[in-house]
Amino acid sequence: MRSCLRQVKSWLVLTPCRWATPCTVAPGASVEVRVPPFVAVQCISGPEHRRGNPPNVVEADPRTWLLLAAGLLDVAEAAASGALQLSGSRAGEVADWLPLVAVAD
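Per this note's numbering, the very first residue in the sequence shown carries number 16; after that it's consecutive.
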């Protein structure tokens with residue numbers, strides 16, 4: 016039973032994290048967005064990164080990323096609190112593509 020509950024919980028977080036990435040609205044490979052352990056995608060047009068550690072990385076836990084994607088949390092606020100890590104000169108550009116969905120009031 017616990018194994019089933021863990022799988023359901025994982026699926027409930029995994030599905031929205033994979034769906035709510037900027038790669039569909041900002042195709043490219045200049046910035047890597049990581050939401051461990053669920054997704055790591057490259058997005059935003061510009062110089063492509065193919066091997067090794069990417070120079071521009073955005074990383075957040077699943078809850079923080081979903082709040083950002085829904086527009087319920089600001090990138091600057093999340094970065095200031097440490098919930099969002101931005102590394103590289105282009106990582107901050109992800110803010111131009113958020114929110115990814117509109118949440119009704």
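No residue lacks a Cβ here, since even glycine has one placed at the ideal position from N, Cα and C.
In its own chain, which residues sit with a C-beta less than 8 Å from the C-beta of residue i, not counting the 5 before and 5 after it?
i, result
"Val118", "Ala85, Gly86, Leu87"
"Arg65", "Ala44"
I'd like to confirm the pairing. Which residues does DSSP put opposite residue i in its beta bridges?
i, result
"Glu74", "Arg49, Gln100"
Where does residue i sit, in a helix, a strand or coil, going by DSSP?
i, result
"Val54", "strand"
"Leu115", "coil"
"Glu108", "helix"
"Thr79", "helix"
Beta-carbon within less than 6 Å of residue i's beta-carbon, same chain only, minus the 5 sequence neighbours each way: which residues are those?
i, result
"Glu108", "Ile59"
"Glu74", "Arg49, Gln100"
"Ala41", "Cys58, Ile59, Trp112"
If I measure Cβ to Cβ from residue i and keep anything under 7 Å in the same chain, skipping five residues before and after, which residues do I get?
i, result
"Gly61", "Gly43, Ser45, Arg105"
"Gly103", "Pro70, Asn71, Val72"
Taking 7 Å as the cut-off, is the beta-carbon of residue i closer than that to any non-hydrogen atom of the ligand ADP?
i, result
"His64", "Among the ligands in the structure shown, none appear at all, so the ligand ADP cannot be discussed."
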